[in-house]
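Contents: one structure, followed by commentary.
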Amino acid sequence: MSADDQDSTTPKSGADSHPPEPEKPKAEASTSGVSNAPPPWLLRAFLLAAATVAALIFGFWVLQRLQGLLTVLMVSLFLAFAIEPAVNWLAARGVRRGIATGVVFLGLLLIVVGFLWTLGALLVNQVTTLVQNAPEYADRIVDWVNNTFHTELSGTDIQKYATQWSDQIEGYLVGLAENAWGIGTAAIGALFQGLGVLLFTFYFAADGPRFRNAMSSLLPPHRQRHVLRAWDIAVEKTGGYIYSRGLLAVCSTIAHYVMLRILDVPSAFALALWVGVVSQFIPTVGTYLAGALPVIVAMVNGGPGDALWILGFIVLYQQFENYVLQPRITATTLDMHPAVAFGAVIAGAALLGATGALLAIPVTATVQAFAGAYIRRYEVETEVEPTSPEPPKGNGRNRLRDLVVRLTGNQH
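Per this note's numbering, the very first residue in the sequence shown carries number 1; after that it's consecutive.
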């Protein structure tokens with residue numbers, strides 16, 4: 001054997017004896033530097049979230065700026081729903097819808113002007129009477145307080161208190177005069193809002209069918225039926241609420257007028273009209289505001305005895321109205337539990353203030369009627385159904401035969 005062959009067959013010692021390590025792929029080395037880069041969808045998600053937040057902030061800003069306009073539109077839509085049954089009644093008899101709306105507006109305007117004129121006459125009459133008979137009233141009040149509470153007041157004390165009150169009232173009036181610009185601006189703003197409400201109400205009532213069709217045309221046919229049904233329910237409930245309250249106001253006015261005439265309280269018709277309107281159209285606190293004025297007038301003109309009679313009659317009539325008149329008059333128009341109505345008024349006042357309190361009851365009645373039209377109710381079962389009697393037990397052969405008959409359908 002040659003030396004070369006011996007060297008080729010002899011294993012090498014040391015480092016040369018191990019096989020060479022495989023080389024690392026170049027792709028791993030080239031991509032190891034960019035493995036920490038964010039995925040491409042993360043940037044798009046971040047931009048979408050930022051755009052959504054910005055859109056929400058802008059939307060809330062727009063709603064805050066347009067709060068006055070939205071309130072005017074909401075009140076106008078409510079008033080349009082209230083007068084639409086009368087407008088529809090006139091339109092069904094051949095009167096053009098615009099003229100019918102104008103006739104209804106004119107009638108409401110006459111009612112409001114007559115109400116304010118009557119209250120203005122009442123205010124002027126009572127203020128004049130109070131100024132002319134102030135010393136006599138003061139002596140009468142002092143005598144009543146001394147006899148009732150066993151005190152020793154005199155006319156001098158009343159004069160001192162009156163002087164202090166006049167100074168406070170004078171300071172209050174001076175403060176109002178200094179803020180005349182702000183009061184004038186607020187009055188002009190309220191006037192423009194009132195004109196806006198009248199204008200939108202007229203358009204909503206006169207063009208009610210066309211406006212409803214325009215809104216429904218934006219929806220698919222299966223959605224249009226629900227919108228039209230909701231619209232009809234809103235008109236029915238809102239109009240029924242207004243007309244039922246008007247009828248209750250007439251009943252209350254007549255009852256209180258008779259009582260005030262019996263007690264010979266001055267300005268009986270104006271006071272009765274005040275009680276009837278305010279107690280029915282101002283929710284929750286209207287009864288207390290309405291009853292305070294005739295009690296004060298009776299106290300000033302007839303003494304504490306007449307005031308107590310008026311107060312007692314107001315309380316008794318309120319109970320008669322709540323449990324006898326109101327359930328019968330509002331049975332078909334506003335079937336709502338008093339607790340639900342009270343909670344709706346509180347929620348409406350918390351959301352939109354006085355406007356929300358006025359709109360809370362008809363809106364809640366509309367939602368309740370709409371839910372009742374689409375939510376199915378079931379009768380509550382109070383009796384336990386009797387259990388079915390067990391089949392008579394037979395022997396094993398009979399049970400086996402019955403099983404074979406049921407399985408084969410052959411009795412032979």
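Note that the Cβ used here is the ideal one computed from N, Cα and C, for glycine as well.
- In the three-state DSSP reduction, aspartate 264 falls in the coil class, being neither helix nor strand.
- Serine 267 sits close to leucine 122, with the two beta carbons spaced by under 9 Å.
- When rounded, the separation of the alpha-carbon atoms in leucine 351 and proline 327 is 28 Å.
- Each residue's CA atom was taken as its position, placing valine 275 and arginine 229 some 36 Å apart.
- In this structure, leucine 66 and phenylalanine 204 do not form a Cβ contact; the two beta carbons are roughly 18 Å apart against a cut-off of 8 Å.
- If you draw a straight line from the Cα of aspartate 139 to the Cα of proline 294, it is about 21 Å long.
- Within a 10 Å sphere around the beta-carbon of isoleucine 83 sit 16 or more other beta-carbons, which makes this residue buried.
- If the five residues before and after aspartate 232 are omitted, its C-beta is found closer than 6 Å to no C-beta atom of its own chain.
- In the structure shown, leucine 77 adopts helical secondary structure according to DSSP, grouped into three states.
- Counting every other CB atom within 10 Å of its CB across the protein chains shown gives glutamate 152 a total below 16, marking it as exposed.
- Across the set Leu273, Val72, Val142, Leu79, the C-alpha of Leu79 shows the shortest separation from the C-alpha of tyrosine 243.
- The Cβ atoms of alanine 347 and glycine 353 lie no closer than 9 Å to each other.
- In the assembly as shown, threonine 52 is an exposed residue. Its beta-carbon has fewer than 16 other beta-carbons within 10 Å.
- Beta-carbon to beta-carbon, valine 297 and leucine 263 are separated by about 11 Å, too far to satisfy the 8 Å threshold.
- Boundaries of the alpha helix (DSSP H) harbouring leucine 48: 40-65, taken from the DSSP string.
- Cβ neighbours of glycine 68 within its own chain (closer than 8 Å, five residues either side excluded): Gln193.
- Going by beta carbons, valine 197 and valine 75 fall inside the 9 Å limit.
- DSSP places aspartate 207 outside any alpha helix (DSSP H), giving it a letter other than H or E.
- Excluding five sequence positions before and after proline 85, the CB atoms of its chain that fall closer than 7 Å to its own CB belong to Val235, Gly239, given in chain order.
- Where tyrosine 288 is concerned, the enclosing alpha helix (DSSP H) starts and stops at 286-302.
- No Cβ-Cβ contact shorter than 9 Å links isoleucine 361 with tyrosine 288.
- Contact annotation: alanine 290 and valine 277 have beta-carbon atoms nearer than 9 Å.
- Straight through space, the alpha carbons of leucine 116 and leucine 273 are spaced by roughly 10 Å.
- Taking 9 Å as the cut-off, the beta carbon of leucine 90 is found no closer than this to the beta carbon of valine 112.
- The C-beta separation of tyrosine 317 from alanine 255 comes to about 6 Å, placing the pair in contact by the 8 Å criterion.
- In its own chain, leaving out the 5 sequence neighbours on each side, no residue places its CB closer than 8 Å to the CB of histidine 226.
- A distance below 9 Å separates the beta carbons of valine 340 and threonine 364.
- At least 9 Å separates the beta-carbon of phenylalanine 202 from that of glycine 107.
- Inclusion of arginine 93 and aspartate 207 in the CB contact set at 9 Å is not warranted, their separation being larger than that value.
- Annotated three-state conformation of alanine 187 is helix, per DSSP.
- In terms of Cα proximity to aspartate 306, the closest of Leu260, Phe269, Val315 is Leu260.
- The criterion of a C-beta distance shorter than 9 Å is not satisfied by valine 258 and asparagine 301.
- Residue state for valine 95 is assigned as coil, using DSSP reduced to three classes.
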